[in-house]
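Note that the working numbering gives residue 146 to position 146 of the sequence shown, counting from 1, and the numbers run on in steps of one.
The C-beta atom is built at its ideal place from N, Cα and C for all residues, glycine as well.
Worksheet: the structure to be examined is printed underneath.
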Amino acid sequence: MRADRLVATLLLMQSRGRVTAAEVADELEVSVATARRDLEALSAAGIPVYPQSGRGGGWSLVGGARTDLSGLSATEAQALFLLVGPAAAVSGEAKAALRKLVRALPQTFRADAEAAASATMIDPTRWGERDRRRPEMVDLLQAAVIRRRKVRLTYTNSARQRSERLVDPWGLVDKDDIWYLLAGTERGRRTFRVDRIVHAESTEQPAERPDDFTLAAAWDEVVGEVEQRRSTTWATVLIDAKFVPILRDHFGRHCHPDGEDDDGRARVRLAAPTPLDIARNLAGWGSTVEVLEPRSVRAELARIGEELARQYPGEHGRGA
């Protein structure tokens, strides 16, 4: 991505003071022509960078502004590498980028930055689970997002209906180990689960993206829409106050304490897509939780209780 190269070029100049296009090209593994264009772009954008011709020439920072250009303090550099460091353990590209970034830092920052980068690691695999790997499809889609190229998808929706679409890829989001593609379509913005993409092919057709698009803002809208659909049924329950944190863990943002009842129990509002979804979550609590309303949730709990009684006749009251 060009923005990354421009930042890396600035940090390199901060470290060395003066560089040639050939040195930038060698350090960032791009062509000399690309490095020269990047340097010219920095200068044209108003960055205090200027060229010097002749023997011993190159590109320099105006006034020798070597340590102030990035605005990074030693503490900020450490914070940056604490954040980036864990990614290097699972990505060869991140590891290579980290090495280059360390070399581009001022000498006085390097030792602490390297220590910060290796101080933390992240193991995303839960106990007892297999190692989690990023789907290969993500790499293809990510490249299309960066290159701004349309992608032809073969997609299977939640009803297992397969369709083909030509989309403008805008960005990718990893939420709870499920990857999503946000893309523009003939019907506007759509969200696709990557694990439902049967086939994807990047084309050479330029992709369009709204000028005011930001991935974070778009994803906030998606989350809001999904959470709204997930909270179409609300129930009011009574439960001992000490169990409210457990309910909150089960229902997340759809759990709202709503004061205290006359008998001292906590009154809590819970939401889910359907009455059955709420009932299934509460059935295991038995008489510990009391559903006040709606009647549809109470009816589902009664039905579940009757099914269990029929499934295990005569078991009630037996010893272990």
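Runs of alpha helix (DSSP H) lying entirely within the region 189-267, each at least 4 residues, in chain order
List check, alpha helix (DSSP H) in window: 215-229 and 244-251.
If you count every other CB in all the chains shown that lies within 10 Å of the CB of His199, and 16 or more means buried, which is it?
Along the sequence shown, read from residue 1 onward, the residue named residue 199 stands at position 199. His199 is exposed by the Cβ-count criterion.
Got a sec? Which residues, its chain only, sit under 7 Å from Ala183 by beta carbon, not counting five neighbours each side?
Position 183 of the sequence shown, counting from 1, holds the residue named residue 183. Around Ala183, the same chain offers Val167, Asp168, Pro169, Trp170, Arg190 and Phe192 as residues with beta carbons nearer than 7 Å, after the five sequence neighbours per side are excluded.
Let me know if Ile197 comes out buried or exposed under the rule of 16 or more other beta-carbons within 10 Å of its beta-carbon.
Looking up residue 197 in the sequence shown gives position 197. By the neighbour-count criterion, in which 16 or more other beta carbons inside 10 Å mark a residue as buried, Ile197 falls on the buried side.
Applying the criterion that 16 or more other CB atoms from any shown protein chain within 10 Å of the CB defines a buried residue, is Ala279 buried or exposed?
Here residue 279 refers to the residue found at position 279 when the sequence shown is read from its first residue. By the C-beta density criterion, Ala279 is buried, having at least 16 other C-beta atoms within 10 angstroms.
With 16 other CB atoms within 10 Å as the buried threshold, where does Pro335 fall?
Absent from the model: residue 335. The displayed extent of the chain is 1 to 320, so no value can be given.
With distance defined between alpha-carbon atoms, name the residue in Ala216, Asp139 and Val194 nearest to Asn157.
Looking up residue 157 in the sequence shown gives position 157. Out of Ala216, Asp139 and Val194, the CA that lies nearest to the CA of Asn157 is found in Val194.
Taking the beta strand (DSSP E) that Arg152 falls in, what are its first and last residues?
In the sequence shown, the residue the question calls residue 152 occupies position 152. Arg149 to Thr156 is the extent of the beta strand (DSSP E) around Arg152.
Would you call Thr288 buried or exposed, if buried means 16 or more other Cβ atoms sit within 10 Å of its Cβ?
As a working note, residue 288 is residue 288 in the sequence shown. Looking at its Cβ environment, which holds fewer than 16 other Cβ atoms inside 10 Å, Thr288 is exposed.
How many angstroms separate the CA atom of Ile239 from the CA atom of Gln142?
One-based indexing of the sequence shown puts residue 239 at position 239. One-based indexing of the sequence shown puts residue 142 at position 142. Whole-angstrom Cα-Cα distance: 47 Å.
Indicate whether Leu276 and Glu300 have their beta-carbon atoms separated by less than 9 Å.
Numbered from 1 along the sequence shown, position 276 holds the residue referred to as residue 276. Numbered from 1 along the sequence shown, position 300 holds the residue referred to as residue 300. The answer is yes: Cβ separation under 9 Å.
Would you tell me roughly how many angstroms separate the C-alpha atoms of Arg149 and Thr203, rounded to the nearest one?
The sequence position of residue 149 within the sequence shown is 149, counting from 1. The sequence position of residue 203 within the sequence shown is 203, counting from 1. One Cα belongs to Arg149, the other to Thr203, and the distance between them is close to 6 Å.
Within 10 angstroms of the Cβ of Gly128, are there 16 or more other Cβ atoms? Answer buried if so, exposed if not.
Numbered from its first residue, the sequence shown carries residue 128 at position 128. Looking at its Cβ environment, which holds fewer than 16 other Cβ atoms inside 10 Å, Gly128 is exposed.
For a quick check, are the C-beta atoms of Thr9 and Leu42 less than 9 Å apart?
Here the question's residue 9 lines up with position 9 in the sequence shown. Here the question's residue 42 lines up with position 42 in the sequence shown. With respect to Leu42, Thr9 sits close: the two C-beta atoms are nearer than 9 Å.
Three-state secondary structure assigned by DSSP to Ala272
Looking up residue 272 in the sequence shown gives position 272. Residue state, collapsed to three classes: strand.
Using the DSSP secondary-structure output, state which residues sit across from Glu293 in a beta bridge.
To locate residue 293, count along the sequence shown from 1; it is residue 293. Looking at the DSSP assignment, Glu293 forms a beta bridge with Thr236.
Could you give the distance in angstroms between the alpha-carbon of Glu221 and the alpha-carbon of Leu11?
On the sequence shown, residue 221 is found 221 positions in, with the first residue counted as 1. On the sequence shown, residue 11 is found 11 positions in, with the first residue counted as 1. Straight-line measurement puts the Cα of Leu11 at about 35 Å from the Cα of Glu221.
Within the continuous alpha helix (DSSP H) that includes Arg37, where are the two ends?
Position 37 of the sequence shown, counting from 1, holds the residue named residue 37. Taken as a continuous stretch (DSSP letters only), the alpha helix (DSSP H) holding Arg37 covers Val32 to Ala44.
Do Ala272 and His254 have their C-beta atoms within less than 9 Å of each other?
For the purposes of this step, residue 272 is taken as the residue at position 272 of the sequence shown. For the purposes of this step, residue 254 is taken as the residue at position 254 of the sequence shown. Going by beta carbons, Ala272 and His254 fall inside the 9 Å limit.
Reduced DSSP secondary structure (H/G/I, E/B, other) of Ala143:
Against the sequence shown, residue 143 aligns to sequence position 143. DSSP places Ala143 in helix when its eight states are reduced to three.
Taking the C-alpha atoms as reference points, what is the distance between Val30 and Pro210?
Against the sequence shown, residue 30 aligns to sequence position 30. Against the sequence shown, residue 210 aligns to sequence position 210. The alpha-carbon separation between Val30 and Pro210 amounts to approximately 29 Å.
Can you tell me the Cα-Cα spacing of Ala65 and Val138, whole angstroms?
Translated into positions along the sequence shown, residue 65 becomes position 65. Translated into positions along the sequence shown, residue 138 becomes position 138. Confidence at Ala65 is low in this model, with a pLDDT of 45, below 50, so the placement of that residue should be treated as unreliable; the coordinate-derived value is given next. In this structure, the straight-line span from the alpha carbon of Ala65 to that of Val138 is close to 40 Å.
With 16 as the cutoff for other CB atoms within 10 Å, does Gly252 come out buried or exposed?
Translated into the one-based positions of the sequence shown, residue 252 becomes position 252. Answer is exposed; the Cβ neighbour count stays below 16.
Going by C-alpha to C-alpha distance, which of Thr232, Ile47, Gly224 and Asn281 sits closest to Asp249?
As a working note, residue 249 is residue 249 in the sequence shown. It is Asn281.
Judging by CA-CA distance, which residue of Gly188, Tyr155 and Leu308 is the nearest neighbour of Glu201?
The residue given as residue 201 occupies position 201 in the sequence shown. Glu201 has its Cα closest to that of Tyr155, out of Gly188, Tyr155 and Leu308.
Determine the direct distance from the alpha carbon of Gly264 to that of Asp176, and round the result to whole angstroms.
Counted from its first residue, the sequence shown places residue 176 at position 176. Counted from its first residue, the sequence shown places residue 264 at position 264. Whole-angstrom Cα-Cα distance: 36 Å.
If you compare alpha carbons, which of Ala44, Arg18, Ile47 and Ala33 is closest to Ser53?
Mapped onto the sequence shown, residue 53 falls at position 53. Distance from the Cα of Ser53 is smallest, within the candidate group Ala44, Arg18, Ile47 and Ala33, for Arg18.
Three-state secondary structure (DSSP) at Gly17?
The sequence position of residue 17 within the sequence shown is 17, counting from 1. The three-state secondary structure of Gly17, taken from DSSP, is coil.
Three-way DSSP call (helix, strand, coil) for Trp127 in this model:
For the purposes of this step, residue 127 is identified with residue 127 of the sequence shown, where counting begins at 1. Taken through DSSP and simplified to helix, strand or coil, Trp127 comes out as coil.
Continuous beta strand (DSSP E) stretch holding Asp176: start and end:
Counting from one through the sequence shown, the residue named residue 176 turns up at place 176. Segment: none, Asp176 is in no beta strand (DSSP E) and carries neither H nor E.
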